[in-house]
Structure formats: C-alpha cells, structure tokens
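Worksheet: one structure, shown below.
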Amino acid sequence: MPRPVLAVVGPTAAGKSALSLGLARALDGEVVNADSMQLYRGMDIGTAKLTVAERAGVRHHLLDIWDVTEAAAVSEYQRLARQAIAEIQARGRVPILVGGSGLYVRAAIDKLEFPGTDPAVRARLESEQARLGSAALHARLAGLDPAAAAAILPGNGRRIVRALEVIELSGRPFSATLPEYESVQPTVQIGVELPRAELDQRVADRVTRMWQLGLVDEVRKLAAAGLREGRTASRALGYAQVLAFLDGECSEQEAAAQTVLATRRFIRRQESWFRRDPRIRWLPADTPSLLPAALAAAVGRVDVPLGTPGGTQRDIHN
C-alpha cells in the first residue's frame, strides 16, 4: 500500500526546508517542491533555494524545471507533482511536499480541477484590464461570482482575469473550481508557524542575506536571459524589485526595503490561505521539539520505521 503524503506548509521564512530535511532523513523520504518560484531555473538566491550541499543527500523533485520566460501553469505543476509523488511511493519511500504556494499545495494533494484556457479570451480580458484597471474588472467579477471576488484581492489582476476567463469559457462560477478540502489520497499536513514579530525579523534578515549573496547579479544575469518577458517569474518577490532598480526606477536601498515590505505582505496572504484549511496541524517553529512533534504527527498516519533524525548544516529559514 502506498505511503501517505506528508506536506510541510506555512509562510515564507518559517523554517519549512530545515524541517523537511529532518523528516526526510527520519522517514526515508524524498522532497517534492511546492514553491512556485523555485520551479524556475536560475532563481536561486531570491527564492532561498537549497543548494545541492544543503540538501544533504535528500532527493528533491521539481526544482529548476521551467525557464524564466515561461508563464506558470498550475495544471502542469499538478501533473508533474502527482507523477513525482507516485514514483516516490512506488519506490517504497515517503513523499514530502514542501512549500508556501498554497494553490500549488492544493493542486498536488486535493481534488482540484483546472479548467482550460483560451488565448483569445485571455488576451481580450488582459487588454481590458490594461485599459480599465484591475478594480473595474474586480467589480465585474463581484457581479458574476461574489464568492470568487471576496477571495481575490482587487489588485490581483492576473487572478481576476483568470476568474473571468473561467466563467466565460465554462459558464460556471470560478469559485466552483475550488472545492471543499478533500485530498485525493491519505495526506498529513504540518504547518510551521512563528510569532509575527519574529517572522518579520527573519524576513528582514533574509533580504539582507540575499543582497550579500549576490541577488542583484543573479537578477542581472536572468534579465539578460529574458526575465522581463516572463509574466510570472518577473513578478517574483525580490526579482521585481531588483528589476525596478536595474531599470532606474528606484535606488538599490529602496529595492531592498520594498522587497522586505512585499514579502511581509505576501506572508499575511499565505497565513490567511493556510489558516482556512482545517486539516493542517500547526506546530511552533521556534522550539527544539519541532522535529519530534512533526514526526509524532507524521507517524500517526505514516507507518514507517523511524531512523535517527539528523541536524541540518545551518538554520535554513524557508
């Protein structure tokens, strides 16, 4: 019988990567990435992607699979993630899904359908958005599907356009494509949490570290490879702000400060998304007992012998 999926979720900088490595070593597991920006090749520093050395021999899947010029496709990610999970289970190992991209997590583990797309309809709606603004299209969405409008921020033009596209193509409310929380196979979800003040400080420290590691040079290199043309990758936290600096729209110090602010705002949205899922068991990240507690939650559903949990090479805030 295939071993259940173990998902490690929560906000950016809470410590998901470090916990996943400990769980993988203890449970004979392999990690499946569920961070939408770590799917992109070359986006390493700004996404806090673990280096090969930091993975410490734990096999990772779905890292570096897309070029930065490609638009994200959650439906394609769903196919790849479920394929990776099935292959891990076929090897008799535990799949450990790790990431803070809520929709990607649900795409991998839940009964979630993704309606098709029509380039002509999408282009028309994007043209209307550019001409009228996201707020106008959000008002239109509110009239067609109040539930979807309530779940999508008025400034999130990409999701508003997608919701309107689905409604036009399917004749159904977009909210109907987001079902109740029901997984496709046995799954244990562990949420990693931290007090807001500590999380905010970790974000500031992380951004400082990214600049020290060479984020500006990384973005400059990716820009030469077409980053600006990537509708998804170019909007990533840190990358969008550095592009603005490289384009002369702000100073480097302003780009760093805006990255901190944007990441903190994003974390609020992550917390809101994951808190709605009643299946997640939340554990405090700032305690030495995090790994033992996570293992206790996991083995309640994952019937595998435990090894000796090992430490990580450094405190990886991801």
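Residue numbers (my numbering): 97 to 414.
Quick reminder that beta carbons are idealized off the backbone N, C-alpha and C, glycines included.
Quiz prompt | Residues that residue 279 bridges to, as DSSP identifies them | solution = DSSP output for residue 279 lists 206 as bridge partner(s).
Quiz item: So residue 230 packs on residue 253, CB below 8 Å; how close in whole Å?
Solution: Approximately 4 Å separates the beta-carbon atoms of residue 230 and residue 253; this is inside 8 Å, confirming the contact.
Quiz prompt | Nearest candidate by alpha-carbon position, reference residue 266, set 213, 174, 312 | solution = 213
Quiz item: Under three-state DSSP, which class holds residue 259?
Solution: In the structure shown, residue 259 sits in a helix (DSSP, three-state: H, G or I).
Quiz item: So does the segment 159-173 actually touch the segment 130-146, counting three or more Cβ pairs closer than 8 Å?
Solution: yes
Quiz item: Tell me which same chain residues have a C-beta within less than 7 Å of the C-beta of residue 283, skipping the five on either side of it?
Solution: Closer than 7 Å at Cβ, skipping near neighbours: 100, 101, 103, 205.
Exercise. Decide if residue 302 is buried, meaning its Cβ has at least 16 other Cβ atoms within 10 Å, or exposed.
Key: buried
Quiz item: From 299, 304, 307, 338, pick the residue whose C-alpha is nearest to that of residue 318; which is it?
Solution: 338
Quiz prompt | the segment 339-352 touching the segment 303-312, judged by at least three CB pairs closer than 8 Å | solution = yes
Quiz item: Exposed or buried, which one is residue 116 when buried takes at least 16 other CB atoms within 10 Å?
Solution: buried
Exercise. Could you give the DSSP three-state label for residue 144: helix, strand or coil?
Key: In the structure shown, residue 144 sits in coil (DSSP, three-state: anything other than H, G, I, E or B).
Practice problem: Give a yes or no on whether the C-beta atoms belonging to residue 106 and residue 334 are separated by under 9 Å. | Solution: no
Exercise. Within the same chain, show all residues whose beta-carbon is closer than 7 Å to that of residue 132, passing over the 5 residues directly before and after it, in chain order.
Key: 168, 197, 200
Practice problem: Identify every run of the alpha helix (DSSP H) within the segment 303-343, keeping only runs that are complete inside it and at least 4 residues long; order them along the chain. | Solution: 311-320, 335-342
Quiz prompt | Per-residue DSSP class, three states only, for residue 358 | solution = helix
Quiz item: When you compare each of 243, 255, 156, 157 to residue 327 by their alpha carbons, which one comes out closest?
Solution: 255
Quiz item: For residue 370, does the three-state DSSP call read helix, strand or coil?
Solution: helix
Quiz item: Alpha carbon to alpha carbon, how far is residue 365 from residue 238?
Solution: 20 Å
Quiz item: For the candidate residues 173, 261, 147, 273, whose alpha-carbon lies nearest to that of residue 209?
Solution: 273
Quiz item: Roughly how many angstroms lie between the CA atoms of residue 390 and residue 149, to the nearest whole one?
Solution: 24 Å
Quiz item: Which one of 268, 381, 219 has the shortest CA to CA distance from residue 292?
Solution: Selected option, being the one with the closest Cα: 381.
Exercise. Output the boundary residues of the alpha helix (DSSP H) element that contains residue 395.
Key: 386-395
Quiz item: Relative to the alpha-carbon of residue 371, which residue among 277, 354, 307 has its alpha-carbon at the smallest distance?
Solution: Out of 277, 354, 307, 277 has the C-alpha closest to the C-alpha of residue 371.
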